[in-house]
Amino acid sequence: MARRMGVSHVKFLYITWVSMYSSWFYRKTHGQRARLALVSFFVLALSAGEAFAKPLTVDNIVARLQERYNTIKSIEADFEQETTLPSLNQRRLAEGRVYFKKPGCMRWDYLRPDKQEMVTDGKTLWIYIAAEKRAYRCDAQAYLQSQLTMDFFLGQGDFKKDFVIVMAPEDKKARGKFYILTLLPRYTHPQVSEIKLWIKKDTFLIDSILSKDHFSNATLLHLKGQRINGPLDDHIFAFSPPKGTEVIDR
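Using our numbering, the first residue of the sequence shown is number 996, and each one after it goes up by one.
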């Protein structure tokens, strides 16, 4: 009989500018015609500024986000993760490197505080805990179906189909650089009650994800130095248990 995992170490989980050259224009021209042209320029510039400054709607943001991730084939980034467990009064910090490659390949190398690996080739998922000399093996599809946050990166999610999405108020982290969205699953999900996304306004890449469950446990994931569509060899997503590792099927 497969043993229970019993491990909580790995949990998931425009600014358009208008160039103002009016003073140069005025110095180079003269007379009534020049003054009329100058006035016309300001009217047009102000009108353009108002048009471009109009905030994007949630639908606009979601459409741009979906389009962006539909074109991404691979992602490589450093990550920082903070998991808060209120019922246990615990807060856990971790960091490492993550790799995604469509279709369905993923690798998480946890480097601190403990060495752990989560690797999948889209078929089999391995979770390796170095300190325990144990590797947990399970069906990738069954596991990933429970991890809504991973769908964004693996190209398996449909934002509008899967979630009710609303704009969240700006916070200290945003500082005008991010769109912040709150995503509520359209159907009851056993592990996710709410997801919050910080989306970079200039690239429409997800910078951070906050995922909460029904017990108020929360995991905040921050991605740093994202490398998009770089070459990732398939061997990155292969795993072979080190010698002496106990393999446990789930």
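We put the CB at the ideal spot given by N, CA and C, even for glycine. These numbers come from a predicted model, not from an experiment.
Query, Result
"Complete runs of the alpha helix (DSSP H) confined to the segment 1091-1165 [at least 4 residues]", "1135-1139, 1143-1149, 1154-1157"
"Among 1097, 1123, 1214, 1184, the one whose alpha carbon lies nearest that of residue 1205", "1214"
"Neighbourhood of residue 1114 by C-beta, 7 angstroms cutoff - its chain only, sequence neighbours within 5 removed", "1102, 1121, 1232, 1234"
"Contacting residues, own chain, Cβ-Cβ under 6 angstroms from residue 1105 (five flanking each side not counted)", "1089, 1091, 1111"
"Straight-line gap, residue 1084 to residue 1202 (C-alpha atoms, nearest Å)", "27 angstroms"
"Endpoints, alpha helix (DSSP H) assigned at residue 1063", "1053-1066"
"Rounded straight-line distance, which links the Cα of residue 1118 to that of residue 1069", "18 angstroms"
"Cβ neighbours of residue 1100 in the same chain (closer than 7 angstroms, five flanking residues each side left out)", "1115, 1116, 1117, 1232"
"Outcome for residue 1224 when other beta-carbon atoms lying within 10 angstroms are tallied against a minimum of 16", "exposed"
"Collapsed DSSP secondary structure at residue 1217 in the structure displayed", "strand"
"Neighbour-count burial assignment, residue 1078, 16 or more Cβ in a 10 Å radius", "buried"
"Residue 1194 to residue 1066 span [Cα, whole Å]", "16 angstroms"
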